[in-house]
Every structure is written in C-alpha cells, then in structure tokens.
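Engineer: I'd like to ask you about the structure that follows.
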Amino acid sequence: MSTTPVTVTVTGAAGQIGYALLFRIASGAMLGPDTPVRLRLLEIPQAVKAAEGTAMELDDCAFPLLSGVDIYDSAEAAFDSVNVALLVGARPRGPGMERGDLLAANGGIFGPQGAAINKGAASDVRVLVVGNPANTNALIAASHAPDVPASRFTAMMRLDHNRALAQLAARAGVGVAAVSNVTIWGNHSAKQYPDIAHAVIGGRPAPSVIADDAWVADTFVPTVAKRGAAIIEARGASSAASAANAAIDHVRDWVLGTPEGSWTSVGLVSDGSYGVPEGLISGFPCVSRDGQWEIVQGLSVSESAQAGIDVSVGELVEERDAVRELGLI
Ligand code: NAD
Ligand code: LMR
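Position one of the sequence shown corresponds to residue -6 (the working numbering), numbered consecutively onward.
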C-alpha cells in the first residue's frame, strides 16, 4: 500500500451528490484499494454543520483507506495541496432565473475556485466539474487558473456516456459490459449528441447489431439527452447516486487508465479536433494514458453526426460568449 494519502477536495459536500460520493471515495472505489485518501469538504457557511454530520458518518465507517476529513468554508484552504478536485457545489436554477442569471451566479463560484486551485493546488492536480452548467463552469474555473494546464480541467460527460451504454445494452439484450466506444459529443445538456457510429456491442459494430436507425434517432438519442430531466421528473430531485458513480468512473479512468481498446466520453478542452473551436470544453471520445486524457483521433463522422455535434457545440459557443460578456472569463 502507498503511504502518502492523495488529497481529494469535494465541493458541495453536504449536497445529495456529495452524500453519494464521499463514502465511495473513502472506500477506495475511485483511486483503488491501495491508495489512502485525505478528504477535504468545501461548503458554504450555512451548510458546514451538515457537512460535519457527513464527516461523523465517514468516521463511523472506519474506512481503512481514509486518513482524515477536514471541512472548510474557504476555497483557498480547501484547495491547498489538492490532488483531485471534484467541483460539485453549484447554484441551482431558481424560479424566474434566466440562463444568464445562472451563468453569472456560477461564475461567482467557479472563478474564485479556479483561482484558489491556481494558487495552492499540487502540481499534478486534476479537476472534474460536475456542477451545472458543467462545461462552461469548467471553462470559467480553467480561465482563472493560468498556471494549471487547461487539460487538467474537465467536465463530466460520463453520466451521459453510462446512460448511453445502459440504453444500448437493454435494446440489444446484452450485459452493459458488452457495450463500448459510445461517444457523447458537445455539451452536458439536452443538446448533447450521443453517437453510436463507432460503438461496439459484443464485438460487433453497434449500428449493425441495433439495425434500426429510426430507433437510434427517435428513441435512443432523446432518451439519453433528456434523461437528466426524466430523473428530476420521477424523483423530484436531480440524479445523485448515478452522478456520483459517474464522477468515480471518470477520475478512476483518468488516474488508472481506460481499459485497452475502449474509450469513454470526457468534457475536455478542445485543441480544434473534429472542428470544435479551440478552447471550448466539449465532450469528446477520450482514452487515458499515463494519467492524461487524449482525444481519440481519426474517427469518421457522418454528415448527420456532424450536424448533431455542431448544434451542441453551438450551444457551448453561446454559453462561452455569455460568460465572456459577463466578464467571467
Ligand atoms: P444539492 O443542491 O443537493 O447540493 C449542492 C451543494 O452545493 C449544497 O450543499 C450547497 O450548499 C453547496 N454549494 C453551493 N455553493 C457552493 C460553493 N460556492 N462552495 C461550496 N459548496 C457550495 O445539489 P446536487 O444534487 O448535489 O447537485 C450538484 C450539482 O451537480 C448541480 O449543479 C447539478 O445540476 C449538477 N449535476 C451534474 C450532473 C452531470 O452529469 N454533470 C449530474 C447531476 C447533477
Ligand atoms: C443530469 O444529467 O442528471 C443533471 O445534469 C440534471 C440537472 O439538471 O441537474
């Protein structure tokens, strides 16, 4: 077992995703069974007491890998020496709030958090933004961290990716493990583009296994893209356990590597690949090698897929322009 604990900071720790996430991190599900972790919980002052309750429960689990839990209401203290930062806490959209209001409120959170990461994080820091709008919040945080490579700021597309795997597996009547190489392009929003063109089901190309273009276009794509809203409608609250699970999957693959021969979907800063404007944080097919995400290159993209990608990337451009206008980046 390694002896130096990895410092993991979770923001919004007293929220519902935080509650589903912290215990799994402490159990070793994220960084493996040989890596001790030190948890830092960041909350707003009003929620610190609730975070203290969660910390008491973490103690009561007696996790062998958990070397300590600290609670903060200051981003600078919470991100000091952080190795893995999970930015979950965000301002939810309230009644009568316009998208611009939400972007402005979140700019006030993710700008200072990016600056705190820039100031104090460990040199190997990896950041995953979960709080919505995740891609643009990641862009805001990255733009306040000029000394940290932009590729270390990622946005979560993994929940959409996992949703796509589950839908395909159910349709094909196979286990989820038989499905790979789906891609979620663009924004984590209802305009995302879930793409099965290069997916594999049981070793065969997914389009020929599914063999039903109408189902893909009219059922699969909208089901995956609107799943977040469907969960809110059914549960009366947004997805939490599945979001926490996706965050665990994302960081685990980033640190420990993606399985040979398969890729996952990551909101990563664009280098211009696949026509996505440089600098946007967009969903791409990615593999992790030696602890770094790389965009899978050279995939053919049909005209209709390109149209779907363009719509989603267009929304990212609008969000970027809105936060630029607000002086947030
Ligand atoms: P929640 O309301 O239960 O919890 C959010 C927590 O964040 C609260 O405890 C709040 O006090 C805290 N918080 C607010 N501002 C903060 C700040 N500046 N610093 C630290 N903490 C702060 O919400 P939740 O269900 O846990 O969801 C959190 C976010 O994740 C939401 O924005 C939600 O839309 C998003 N989400 C993203 C995905 C994805 O796939 N990317 C999936 C599900 C949910
Ligand atoms: C999800 O995909 O489940 C969430 O991003 C939905 C939301 O708006 O919180």
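Every residue gets a Cβ at the ideal spot worked out from N, C-alpha and C, and that includes glycine.
Any heavy atom of the ligand LMR closer than 7 Å to the Cβ of N125?
Structural biologist: Indeed, a heavy atom of the ligand LMR lies less than 7 Å from the Cβ.
Engineer: How many whole angstroms separate the CB atoms of S374 and V248, which I take to be in contact at a CB cut-off of 8 Å?
Structural biologist: Because the chain spans -6 through 322 in this model, residue 374 falls outside it and cannot be assessed.
Engineer: Taking 6 Å as the limit between beta carbons, can you name the residues of its chain near G301, skipping five residues before and five after?
Structural biologist: Closer than 6 Å at the Cβ level, and outside the excluded window around G301, lie Y186.
Engineer: So, at 8 Å on beta carbons, what are the nonlocal neighbours of L51 in its own chain, with the 5 sequence-adjacent residues on each side left out?
Structural biologist: So the qualifying residues of the chain are L15, F16, A19, L32, L59, V62.
Engineer: Consult DSSP for A183 and reduce its assignment to one of helix, strand or coil.
Structural biologist: Coil, per DSSP.
Engineer: Roughly how many whole angstroms lie between the Cα atoms of T28 and T(-3)?
Structural biologist: Going from the Cα of T28 to the Cα of T(-3) covers about 8 Å.
Engineer: When you compare the CB positions of V209 and I189, do they come within less than 8 Å of one another, or not?
Structural biologist: Yes.
Engineer: In angstroms with no decimal places, state the Cα-to-Cα distance between A227 and S116.
Structural biologist: One C-alpha to the other measures close to 42 Å.
Engineer: Tell me whether S305, by its Cβ, gets closer than 7 Å to a heavy atom of the ligand LMR.
Structural biologist: Flag unset: Cβ of S305 not near the ligand LMR.
Engineer: Tell me the residue span of the beta strand (DSSP E) that contains E287.
Structural biologist: 285 to 288 is the extent of the beta strand (DSSP E) around E287.
Engineer: List the whole-angstrom C-beta distance separating G260 from R282, where the pair is believed to meet the contact cut-off of C-beta under 8 Å.
Structural biologist: No, G260 and R282 are not in contact; Cβ-Cβ is about 18 Å, not under 8 Å.
Engineer: Would you say I225 touches the ligand LMR, meaning its beta carbon is less than 7 Å from a heavy atom?
Structural biologist: Yes, the beta carbon of I225 sits closer than 7 Å to at least one heavy atom of the ligand LMR.
Engineer: Where does W178 fall in DSSP's three states?
Structural biologist: Note: W178 maps to strand in three-state DSSP.
Engineer: Closer than 7 Å by C-beta to H154: which residues in its own chain qualify, once you throw out the five before and the five after it? Chain order, please.
Structural biologist: Counting only Cβ-Cβ distances below 7 Å, and skipping sequence neighbours, we find V175, I177, T257, S258.
Engineer: Going along the chain, which residues of its own chain have a beta-carbon closer than 6 Å to the beta-carbon of A114, five neighbours each way excluded?
Structural biologist: Once the five neighbours on either side are set aside, the close Cβ partners of A114 are F72, V75.
Engineer: Along the chain, where does the beta strand (DSSP E) that runs through T257 open and close?
Structural biologist: Looking at the DSSP string, the run of the beta strand (DSSP E) that includes T257 is 257 to 262.
Engineer: Between the C-alpha atoms of H191 and N128, what's the straight-line distance to the nearest angstrom?
Structural biologist: Computed Cα separation, rounded: 24 Å.
Engineer: Suppose contacts are defined by Cβ-Cβ distances below 8 Å. Is R84 in contact with I102 by that definition?
Structural biologist: Cβ distance < 8 Å, so R84 and I102 count as in contact.
Engineer: According to DSSP, is I189 helix, strand or coil?
Structural biologist: The answer is coil: DSSP assigns I189 none of H, G, I, E or B.
Engineer: Quick check: I133 and V269, are their CB atoms within less than 8 Å of each other?
Structural biologist: No, they are not a contact pair.
Engineer: Name the DSSP beta bridge partners of Y12, please?
Structural biologist: In DSSP, Y12 forms no bridge with anything.
Engineer: Apply the 10 Å Cβ neighbour rule to I343 and answer buried if 16 or more other Cβ atoms are within range, or exposed otherwise.
Structural biologist: Since the first residue shown for the chain is -6 and the last is 322, residue 343 is missing from the structure and cannot be characterised.
Engineer: Evaluate Q160 with the Cβ neighbour count: other Cβ atoms within 10 Å of its Cβ, from every protein chain shown; 16 or more gives buried, anything less gives exposed.
Structural biologist: With 16 or more Cβ atoms within 10 Å of its Cβ, Q160 is classed as buried.
Engineer: Taking the alpha helix (DSSP H) that A159 falls in, what are its first and last residues?
Structural biologist: 151 to 165 is the span of the alpha helix (DSSP H), which, as asked, contains A159.
Engineer: Indicate whether G100 and L319 have their beta-carbon atoms separated by less than 8 Å.
Structural biologist: The answer is yes: Cβ separation under 8 Å.
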